[in-house]
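> Sending over a structure as structure tokens; questions will come in a sec.
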Amino acid sequence: MGFNEKVYDLLKKIPKGKLSTYKILAEKLNTKAYRAVGNVLNKNTNAPYVPCHRIINSNGFIGGYSKGVKKKVELLRKEGVEVKNNKIDLKRYLFRF
């Protein structure tokens, strides 16, 4: 299984209403290639089956999204995640593998 598939498989384990970070995802894959994880997510063509909108920055900010930040916020809110000023309360919503 290649790196991309490993990223997608892990990502699918994050439940609705929960979020993780690029860093946590990379560390779970035993790498520090946080940007590589972001690049894989940016190329995801299987949304929403592979829910890359559930990955945010380690500081709680939304981060990027291939369909735009506005769409990412919309998807997160539909899942019950509270977003204030493009930031998420990590204590409330963070998922660790």
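In my numbering, the protein residues as written are 1 to 97. Glycine included, every Cβ here is placed at the ideal spot set by N, Cα and C. These numbers were taken from a predicted model, which means no experiment stands behind them.
1. Arg77 and Val83 - do their beta-carbons sit closer together than 8 Å?
2. Excluding the 5 residues flanking Ala33 on each side, which residues of the same chain have their C-beta closer than 8 Å to its C-beta?
3. If we count the other Cβ atoms within 10 Å of its Cβ and call it buried at 16 or more, is Arg54 buried or exposed?
4. Short of 8 Å in beta carbon distance, which residues of its chain neighbour Met1, apart from the five on each side in sequence? Order them along the chain.
5. Where does Arg19 fall in DSSP's three states?
Reading off the structure:
1. Yes. Within cutoff.
2. For Ala33, where only same-chain residues beyond five positions count, the Cβ hits under 8 Å are Ala26.
3. In the assembly as shown, Arg54 is a buried residue. Its beta-carbon has 16 or more other beta-carbons within 10 Å.
4. Cβ within range, chain order: Asp9.
5. The residue asked about is misnamed: residue 19 is Leu in this sequence, not Arg. Strand, per DSSP.
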